[in-house]
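Using our numbering, you'd call the opening residue of the sequence shown number 224 and step up by one each time. Glycine is no exception: its CB is placed at the ideal position from the N, C-alpha and C atoms. In this text the structure is predicted, and so the values were computed from the model without any measurement. Quick notes on the structure that follows.
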Amino acid sequence: MVSAVGVAMIFFGFKYWGGIQGDVQEKLVDQGYTVLTASIGSFSSNWDRACELYAQIKGGQVDYGAKHSETHGHSRFGRNYSALYPEWGETNADGSVNKIHLVGHSMGGQTVRMLAQMLEKGATGAPTEEDAISHPLFEGGKSWVHSVTTIASPNQGTTLADGFSVIGDGVKNALVTMLSVIGIAGDTTKAVFDAQLDHWNIYARATDESIKEYYDRILSSRLFDPSFKDTCLWSLSVAGAKEESVWVETLSDIYYFSYATVGTFAAVNWKFKKIQLPNPLTMNPAFDVLSVFLGSRYAPDKLNLTTDWQPNDGVVNTMSMSHDGLGELMPYSGLSEIGKWNQMEVLTGFDHMDVTGFSLFSKIIDIYSSLAQLLASLPVNGEARSSVYNKEVHTTVTGPYMNGVEVWKKRLQKRIGHPVRGICSAVVPASA
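Dropping the structure here:
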């Protein structure tokens, strides 16, 4: 499946990439790119999700690993899949290998990083190391990934996951709903009806089961035990992300790109200490409570993190989105450097879902068209891979901004009870 990109693009995140603006996948296909979308467990750990993603792309039955499965107490094998890209990893007549670009939104960014690591190095260094001969994914030696792009991803964790045990039930319910969304891909109904937890003996929502009953069933499982590590809560936590990044490296033969989003502004609390608040003109009200928690004093006072962790998009700390915290970070200015994190311009005024197309402010197809153009410019083989300059690639986004502002001004006016005289803007703060 060779396209204008030269390598297939696997969009890991949402089937509804594009939201109210139309399907991004279809639009990129119309432009000549090969784009595929995968669907994996929304509450599962990055390890389990990486195993599922491999099976979906290459085809076959999911193998979570004998040792890993025994350690955590779930079934070793999962669902069977027809391959999205069966030619993946095969060598062509000219000696080139069929590689892919992996694009992940939210937790999907962590997952695709882990998949790339397992392909090249197997399970070496992981908390539970699988026998290399037990499955092709665990044997390593597969340089099958050309680039990794993370979008609004908690590469260093999100403090929402750390705060799960201390926040109230109302916020917890909102967070559980959001966890099902940030981890899901493929058909959006799966976020509500099928969390893909068969290997835990937690099956899809029954026809006579309410959504609340279904989520209560998931919440009552050991997946939400604070001490349990084979779950999204651990992978998404600051400590969990840090533990995973110890063995999930920034690989020297892969291009890494990151997009960060922010929808908050700087403020102070009643003690005149720094906090961040959701921008009412750009933050979806559904994220307000979560955003306030992320921007509170919890990160600096309870987790001993700097106030740089307070800006957020309603789900993830913006600070965490840049890179894994260990690899070299380079602001992108047209030069793509392999084996380093190329950080794209921060998308200011974006909440967590805006970048997938649920926005009145920005025409997000421009972001993904530019990304596809950038990925298409990356050489697959040879010394030229070390660094590539493309002055034509940019991340400028356009759209009916003023119309969107008018909608948000009316929304804010309704909230505060008087007309809005100006437009707030997000502020990127410095550390305290």
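I need the DSSP call for G301, collapsed to helix, strand or coil. Counted from its first residue, the sequence shown places residue 301 at position 78. In the structure shown, G301 sits in a strand (DSSP, three-state: E or B).
Can you tell me the Cα-Cα spacing of A464 and R272, whole angstroms? Numbered from its first residue, the sequence shown carries residue 464 at position 241. Numbered from its first residue, the sequence shown carries residue 272 at position 49. Those two C-alpha atoms are separated by around 15 angstroms.
Classify Y689: buried if its beta carbon has 16 or more other beta carbons within 10 angstroms, exposed otherwise. Limits of the chain in this structure are 224 at one end and 655 at the other, which puts residue 689 out of reach.
Flag this pair as yes or no: are the beta carbons of A383 and L601 separated by less than 8 angstroms? Within the sequence shown, numbered from 1, the residue matching residue 383 stands at position 160. Within the sequence shown, numbered from 1, the residue matching residue 601 stands at position 378. With the sequence shown as reference, residue 383 is identified as Leu, and Ala is not the correct amino acid for it. It is not a contact, given that the beta carbons lie outside the stated cut-off.
What did DSSP end up calling Q596 once you bin it into helix, strand or coil? Here the question's residue 596 lines up with position 373 in the sequence shown. Reduced to three states, the DSSP call for Q596 is helix.
Are V461 and L552 close, meaning C-beta to C-beta below 8 angstroms? The residue labelled residue 461 in the question sits at position 238 within the sequence shown. The residue labelled residue 552 in the question sits at position 329 within the sequence shown. Not a contact, by the Cβ cut-off of 8 angstroms.
Within the same chain, show all residues whose beta-carbon is closer than 7 angstroms to that of E472, passing over the 5 residues directly before and after it, in chain order. Numbered from its first residue, the sequence shown carries residue 472 at position 249. Cβ within range, chain order: Q340.
Cross-strand partners of V512 (DSSP beta bridge): Stepping through the sequence shown from its first residue, residue 512 is reached at position 289. Per DSSP, none; premise fails for V512.
Tell me where the beta strand (DSSP E) around E560 begins and ends. Residue 560 sits at position 337 when you count from the first residue of the sequence shown. That run of the beta strand (DSSP E) goes 558-560.
Rounded straight-line distance, which links the Cα of D531 to that of K496: Working through the sequence shown from its first residue, we reach residue 496 at position 273. Working through the sequence shown from its first residue, we reach residue 531 at position 308. Taking the straight line from one Cα to the other gives about 13 angstroms.
What do you get for P501, buried or exposed, if any count of 16 or more other CB atoms within 10 angstroms of its CB means buried? Position 278 of the sequence shown, counting from 1, holds the residue named residue 501. Burial call: buried.
Pick from S593, D589, L456: whose alpha carbon is nearest that of S265? Your numbering for residue 265 matches position 42 in the sequence shown. If we check each option's Cα against that of S265, L456 comes out closest.
Spatial distance of A490 from A316 (CA atoms): The count along the sequence shown starts at 1 and reaches residue 490 at position 267. The count along the sequence shown starts at 1 and reaches residue 316 at position 93. Taking the straight line from one Cα to the other gives about 60 angstroms.
N565: first and last residue of the uninterrupted alpha helix (DSSP H) it sits in: Residue 565 sits at position 342 when you count from the first residue of the sequence shown. Careful: N565 lies outside any alpha helix (DSSP H), inside the beta strand (DSSP E) at 564-566.
Buried or exposed: which applies to G331, given that a residue is buried once 16 or more other Cβ atoms fall within 10 Å of its Cβ? For the purposes of this step, residue 331 is identified with residue 108 of the sequence shown, where counting begins at 1. G331 is buried by the Cβ-count criterion.
Local conformation of G283 per DSSP, three classes: As a working note, residue 283 is residue 60 in the sequence shown. Here G283 sits in strand by DSSP.
Beta-carbon spacing of I374, H328 below 8 angstroms: As a position in the sequence shown, residue 374 is number 151, starting the count at 1. As a position in the sequence shown, residue 328 is number 105, starting the count at 1. Yes, these two residues count as a Cβ contact at 8 angstroms.
Leaving out the 5 sequence neighbours to the left and right, which residues in its chain are closer than 6 angstroms to W470 when beta-carbon positions are compared? Taking the first residue of the sequence shown as 1, we reach residue 470 at position 247. Hits under 6 angstroms: G348, A349.
Here's the rule I'm using: 16 or more other beta-carbon atoms within 10 Å means buried, otherwise exposed. How should W493 be labelled? The residue given as residue 493 occupies position 270 in the sequence shown. Classification of W493: exposed, given that the 10 Å Cβ count is below 16.
Report the rounded CA-to-CA distance for E362 versus A306, giving the unit in angstroms. Working through the sequence shown from its first residue, we reach residue 362 at position 139. Working through the sequence shown from its first residue, we reach residue 306 at position 83. C-alpha separation (whole angstroms): 20 angstroms.
Could you tell me the distance, in whole angstroms, from the CA atom of V252 to the CA atom of M544? Taking the sequence shown and counting its residues from 1, the one referred to as residue 252 is at position 29. Taking the sequence shown and counting its residues from 1, the one referred to as residue 544 is at position 321. So the two alpha carbons sit approximately 27 angstroms from each other.
Opposite V485 in the DSSP bridges: which residues? Counted from its first residue, the sequence shown places residue 485 at position 262. Looking at the DSSP assignment, V485 forms a beta bridge with T571.
Tell me the DSSP secondary structure of K452 in three-state form. One-based indexing of the sequence shown puts residue 452 at position 229. K452: coil per DSSP, three-state reduction.
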